[in-house]
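Colleague: Quick one: structure below, then a few questions.
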Amino acid sequence: MLSLLPDFADPLRLCSLGKVYEGTVPLADLPRLAPLLTSTQGEAAFTLAFDMDAERRPVVRVKVSARLALQCQRCLGEMTLDVDSDSLLAVVSGTDEAERLPDALDPLLVEDAKMELRSLIEDELILTIPSAPLHPAQDCKVKVEDVNARSATAPAPREGEEHPFAALAAWKSDTQKRD
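In the numbering used here, the protein residues as written are 15 to 193.
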């Protein structure tokens with residue numbers, strides 16, 4: 015229920031109040047995520063828990079789970095990726111403050127007093143998507159062995175065929191002779 019989540023809020027204030035938001039958001043309502051998906055059907059379940067840690071730092075625990083429809087980069091078919099993410103973010107106002115954070119905390123840079131809370135959910139989902147999503151090898155239409163065999167049998171350059179960068183090599187050697 016996205017209606018429980020305010021569009022914009024002051025994360026520092028929410029941390030001091032210990033606010034927790036739980037609900038779901040339709041994937042179609044996440045405009046930066048949508049172009050990365052093959053289908054925007056479904057929704058993401060989320061929990062945003064604002065709090066102060068033991069050292070009185072404002073922190074946000076972001077938990078998101080969803081089933082994302084992506085394109086396999088090996089066979090170009092549709093695949094699903096089950097996402098179950100849990101991150102702990104420290105609210106910071108600048109890069110100096112972010113650099114001083116312990117490794118267990120990721121920075122959440124907040125420059126204005128208010129931020130769009132839905133962007134926390136969207137960012138978490140985007141960060142879970144691999145740069146080249148692939149089916150598990152046994153589920154892919156294109157077998158890994160076939161790809162490896164094709165690349166191993168690539169035709170070698172023919173004798174006497176001019177290399178496409180031969181002109182650059184000649185230019186480079188001419189330049190070096192002049193120096």
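Beta carbons: idealized from backbone N, C-alpha and C, even for Gly. Values in this document were obtained by computation on a predicted structure and should not be read as measured data.
Please specify which runs of the beta strand (DSSP E), each continuous and at least 3 residues long, are wholly inside the region 104–149, giving them in chain order.
Modeller: List check, beta strand (DSSP E) in window: 120–123.
Colleague: Assuming contact is defined by CB atoms lying nearer than 8 Å, are residue 85 and residue 147 in contact in what I supplied?
Modeller: Taking 8 Å as the Cβ cut-off, residue 85 and residue 147 qualify as a contacting pair.
Colleague: Please report the straight-line C-alpha distance between residue 98 and residue 135, rounded to a whole angstrom.
Modeller: About 12 Å.
Colleague: Under 8 Å between the Cβ atoms of residue 65 and residue 91?
Modeller: Against a cut-off of 8 Å, the Cβ pair of residue 91 and residue 65 comes out as no contact.
Colleague: Are the Cβ atoms of residue 101 and residue 125 separated by less than 8 Å?
Modeller: Not in contact: residue 101 and residue 125 (Cβ atoms no closer than 8 Å).
Colleague: Start and end of the beta strand (DSSP E) containing residue 61?
Modeller: Residue 61 -> beta strand (DSSP E) spans 57–66.
Colleague: Okay, do the region 41–59 and the region 109–127 touch, 3+ Cβ pairs below 8 Å being the bar?
Modeller: The region 41–59, when compared against the region 109–127, does not touch it at the 8 Å Cβ threshold.
Colleague: Cα separation between residue 132 and residue 142?
Modeller: Each residue's alpha carbon lies about 16 Å from the other.
Colleague: Within its chain, find whatever has a CB closer than 8 Å to the CB of residue 26; leave out the 5 residues flanking it on each side and keep chain order.
Modeller: Cβ within range, chain order: 72, 105, 124 and 127.
Colleague: Taking residue 186 as part of the beta strand (DSSP E), name the residues at either end of that continuous run.
Modeller: Run containing residue 186: none in the beta strand (DSSP E); it sits in the alpha helix (DSSP H), 180–192.
Colleague: According to DSSP, what are the bridge partners of residue 80?
Modeller: Answer is 97, bridged to residue 80.
Colleague: How should residue 18 be labelled, buried or exposed, when 16 other C-beta atoms within 10 angstroms of its C-beta is the threshold for buried?
Modeller: Counting Cβ neighbours within 10 Å, residue 18 comes out exposed, since fewer than 16 surround it.
Colleague: Would residue 58 be called buried (16 or more neighbouring beta carbons within 10 Å of its own) or exposed?
Modeller: Buried.
Colleague: Can you round the beta-carbon distance between residue 83 and residue 51 to whole angstroms, since I take them to be within the 8 Å contact cut?
Modeller: Residue 83 to residue 51, Cβ: 5 Å. Contact.
Colleague: Rounded to whole angstroms, what is the Cα-Cα separation between residue 94 and residue 122?
Modeller: Their Cα atoms are separated by approximately 28 Å.
Colleague: Excluding sequence positions up to five away, which residues of its chain have a Cβ less than 7 Å from the Cβ of residue 53?
Modeller: Around residue 53: 83.
Colleague: If you count every other CB in all the chains shown that lies within 10 Å of the CB of residue 179, and 16 or more means buried, which is it?
Modeller: It counts as exposed.
Colleague: What are the partner residues of residue 46, as DSSP defines its beta bridges?
Modeller: Paired residues: none, contrary to the question.
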